[in-house]
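J.:
Protein chains in written order, with the working numbering: chain A, 219 to 446; chain B, 219 to 446; chain C, 219 to 446; chain D, 219 to 446.
And the structure:
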């Protein structure tokens, strides 16, 4: 198969202009685990289990191209996650080569992060898509240089003895206060080429993607999670 | 039956202290219908279909005791709703007689609004409960005098020919950025005395409750809705 | 509370006359665990974990009044269950005092067994109801003296740390080939008096009820189960 | 894309040997619409809305190669369907070229019918699969020359204004008394080549497939449906 075969271009989700607070909207409540408070990446590691090498600066951290994905040291089951991300002002490129990163749920299921502000791409690869599966309901991007918020509610799968889903994973994604996915059934993992595969797993970390291209110095801040 | 019979007191949802923005968190995005922008109640009416008589002042509106519930003139099916509410600083009273109002989904299903800050009541009557049905996951109250946000996602029921639910209504409630209900199945209407009843209905308005007691001058602001 | 408070009488499910095979319809497939093959109750025990004292005769077994409920020695999670049951010809009595037994799923949730052939009772206490919760879609009774089949598909709940349902139990019931319940959400246990309570549990046995009244010598045969 | 790209071969569903009644198991209950009673195809039509040309003989009807699919004249929403089908004794061929037909739900979603008795094929093309989507839990075939029963429970989708599923279609399939699919989410239509597409539709007929090859003279009998 080719990557293009799992791209779904139409219909393009309608564009909605969010209210832009211009500031952190929702800080961690008292029962949250703070995954990034602006100071360091001590809660994160790289794919080899070593220190995360992304760059911390000015209270945020930024993808360092070529150092690979990072993930939390802690593993989670069901959760509510808040994070904020920003693509740099003046970003260039188009489609998937413009501010591409991703949020991995249980290190397995990617919710796309991409600069989709006036940047057309396949609907099921757009920001807030379950990558190569389900497009978001709408396109709710802030402009490059502005922060976007993600509020994510995730329900982990359970498995049958044969390794298929007994109950599939599900996810709700709210970007900038606007609903993109509502308890969407996740059909399996989210490969670039080919179909979703169902792979049995237990609790897993939160991951962030280094897309390893020059257009992707995405920054993150204010990340917290509540176990449900 | 008596009202007490449908009270469920234990377990009490754990208390979570939210981040308090001290300000409006999320204003209406471009595709939202603004139901209250601070100026007047032109989008609302009372139970008789006449002008809503609650009090508008200082960019908010406040329950006017004895004038009855109000509801939107427009009717909705599935939606994402944002609203903010506040109980007055220095409020007195206890249990259900302290800042009691309610949010009615399709004029039928009440999500409780109540001052639950250091105020014990039955769990399925607490703020964010499906009234007399399902307690919230946690108690995420701000203090009296501070604003609370509600972000609500609602899926309308469909009905069989015999009037029972073919698919029941479901609701997600997020208060101050903290998940209280996640796609909770609503079992029927939400009476004070007796069991939930399933009553066939079509699209319906958003309603707000005048609890008609002296402890309940609840104020509201920044109300918008997106049809899903 | 009184027992009557949790009775729901209207609407009465419509009567459907099933095709009556007059014979065992579906015997155990190759991967089923046979729970009763006509010979003895070796797979069953009483509530004290001692030998089941119900009466085996003529390839069937019959409730022995006063000896208490019986349950399988083996415990199950998700399953497909087949069983057949018969109320004696010439049975007398009315409402709940006419051929009352019950099928307990994981020893916790009762699917009602009752002679509802020309015998009115509350809808949520009728054959195929989730007892005191959800009425069956229809009344699909064979006459007293004839065998009824139950084909049941059950999905066990998962629990949150606080003991509430993370995913609730669900059940499908087909009587005499006719759908009575379809993946119905079970709200908690099924008491005679009061509300469903959510009680955390793991795998559990299949139980059958001794209703301990003179009108209830219910017989059973051809019981098998497939783990899902 | 090629047809092979949407074949999923592993894991192969385990083989379960059903009890074979050697006879019609479940005839129509009193509230069913009988779609075939052994006499004629008056309830059916071809794709052009003309008379169904399949062959009626000996109380059954058989696919007539090259005459095309047939479908019921009546349209349905949610339903419980019973039908029986048989591949001829001594059938030859392999994989998809051995007794291939199909059951179309609302003329849109194919539940596969195929001789899978000692005949390996891709799992998501096996009898009881949602074609090219979801394999059955097990392989519960009777031998060629013997009748197979299908008991199917179907829930129709509802659609959003943009034509995507608001609630997806779901289906339960029981073959020879054994569960193959349990309220499985249907992701879209079921093409031979390419991905499931979501196409808005209303009520629809039950369809049966003429696979138009020499190995496929499948016979049918005892078809009835109950609207839910």
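Ideal placement from N, C-alpha and C gives every residue a C-beta, glycine not left out.
Within the same chain, show all residues whose beta-carbon is closer than 7 angstroms to that of residue 397 of chain C, passing over the 5 residues directly before and after it, in chain order.
T.: 355
J.: So, does the CB of residue 245 of chain B fall closer than 8 angstroms to a CB anywhere in chain A?
T.: yes
J.: Could you check if residue 261 of chain A is buried or exposed, using at least 16 other CB atoms within 10 Å of its CB as the buried criterion?
T.: buried
J.: Listing by chain order, which chain A residues have their CB less than 7 angstroms from the CB of residue 376 of chain C?
T.: Close to residue 376 of chain C, with beta-carbon spacing below 7 angstroms, are these residues of chain A in chain order: 376.
J.: DSSP three-state call for residue 357 of chain A: helix, strand or coil?
T.: Shown here, residue 357 of chain A sits in a strand according to DSSP, grouped into three states.
J.: Given that a residue counts as buried once 16 or more other Cβ atoms are within 10 Å of its Cβ, and exposed if not, what is residue 266 of chain A?
T.: exposed
J.: Specify the secondary structure class of residue 271 of chain D as computed by DSSP and reduced to three states.
T.: coil
J.: Ignore the nearest five residues each way along the sequence and tell me which others in residue 249 of chain C's own chain have a CB closer than 7 angstroms to its CB.
T.: 444
J.: Nearest CA to the CA of residue 376 of chain D: which residue from B:369, B:385, B:381, B:379?
T.: B:385
J.: What residues from chain A crowd round residue 403 of chain D, counting only those whose CB sits closer than 7 angstroms?
T.: 403
J.: Taking DSSP as the reference, what is the three-state secondary structure of residue 308 of chain A?
T.: Coil at residue 308 of chain A, not helix or strand.
J.: Determine the burial state of residue 350 of chain C: buried for a count of at least 16 other Cβ atoms within 10 Å of its Cβ, exposed for fewer.
T.: buried
J.: Just by C-beta distance, which residues in the segment 335–355 of chain D are closer than 8 angstroms to chain A?
T.: none
J.: With a threshold of 16 other CB atoms inside 10 Å of the CB of residue 284 of chain D, please say whether the residue is buried or exposed.
T.: exposed
J.: Can you say whether residue 228 of chain D is buried or exposed, counting buried as having 16 or more other CB atoms within 10 angstroms of its CB?
T.: exposed
J.: Measuring alpha carbon to alpha carbon, tell me which of C:394, C:246, C:289, C:441 ends up nearest residue 480 of chain C.
T.: Any answer about residue 480 of chain C is impossible in this case: the structure gives chain C only from 219 up to 446.
J.: According to DSSP, is residue 343 of chain A helix, strand or coil?
T.: helix
J.: In three-state terms, what does DSSP make of residue 376 of chain D?
T.: strand
J.: Provide the residue span of the beta strand (DSSP E) that contains residue 390 of chain A, from first to last.
T.: 388–393
J.: Among residues of its own chain, excluding the 5 on either side of residue 272 of chain D, which ones have a beta-carbon nearer than 7 angstroms to its beta-carbon?
T.: 259, 279, 280, 281, 282, 285, 288
J.: Would a C-beta distance cut-off of 8 angstroms place residue 307 of chain A and residue 362 of chain A closer than the cut-off?
T.: In contact: residue 307 of chain A and residue 362 of chain A (Cβ atoms closer than 8 angstroms).
J.: Would you mind telling me which residues of chain A sit closer than 9 angstroms to residue 385 of chain C, beta carbon to beta carbon, in chain order?
T.: 373, 376, 385
J.: Quick check on this structure: which residue in A:364, A:381, A:424, A:405 has the alpha carbon closest to the alpha carbon of residue 317 of chain A?
T.: A:364
J.: For residue 414 of chain C and chain B, any beta-carbon pair shorter than 8 angstroms?
T.: no
J.: Need the endpoints of the beta strand (DSSP E) that residue 401 of chain D sits in, please.
T.: 396–403
J.: Straight-line CA distance for residue 340 of chain A to residue 312 of chain A?
T.: 11 angstroms
J.: Mind reading off the beta-carbon distance from residue 291 of chain A to residue 263 of chain A? Whole number of angstroms is fine, and I expect it under 8 angstroms.
T.: 5 angstroms
J.: For a contact defined as C-beta to C-beta under 8 angstroms, what are the partners of residue 323 of chain C on chain D?
T.: Simply none; closest approach about 15 angstroms.
J.: Quick one: residues in its chain with C-beta nearer than 7 angstroms to the C-beta of residue 231 of chain A, no 5 flanking neighbours on either side, listed in chain order?
T.: 341, 344, 353, 354, 355, 356, 357
J.: Determine the closest residue to residue 221 of chain D out of D:426, D:441, D:411, D:429, with distance taken between C-alpha atoms.
T.: Nearest option by C-alpha distance: D:411.
J.: Here's a check: name, in chain order, each residue in its chain whose Cβ is nearer than 7 angstroms to the Cβ of residue 442 of chain B, leaving out the five neighbours to either side.
T.: Excluding five sequence positions before and after residue 442 of chain B, the CB atoms of its chain that fall closer than 7 angstroms to its own CB belong to 246, 250, 251, 252, 253, 300, given in chain order.
J.: Would you call residue 276 of chain A buried or exposed, if buried means 16 or more other Cβ atoms sit within 10 Å of its Cβ?
T.: exposed
J.: Tell me whether residue 417 of chain C is buried or exposed, calling it buried when 16 or more other Cβ atoms sit within 10 Å of its Cβ.
T.: Residue 417 of chain C is exposed by the Cβ-count criterion.
J.: Taking CB distances under 8 angstroms as the criterion, tell me whether residue 396 of chain C reaches chain D.
T.: yes
J.: One question on the structure: do residue 325 of chain A and residue 423 of chain A come within less than 8 angstroms of each other, judged by their Cβ atoms?
T.: yes
J.: Does the beta carbon of residue 237 of chain B sit closer than 8 angstroms to a beta carbon anywhere in chain A?
T.: Answer yes: the Cβ-Cβ gap between residue 237 of chain B and chain A drops below 8 angstroms somewhere.
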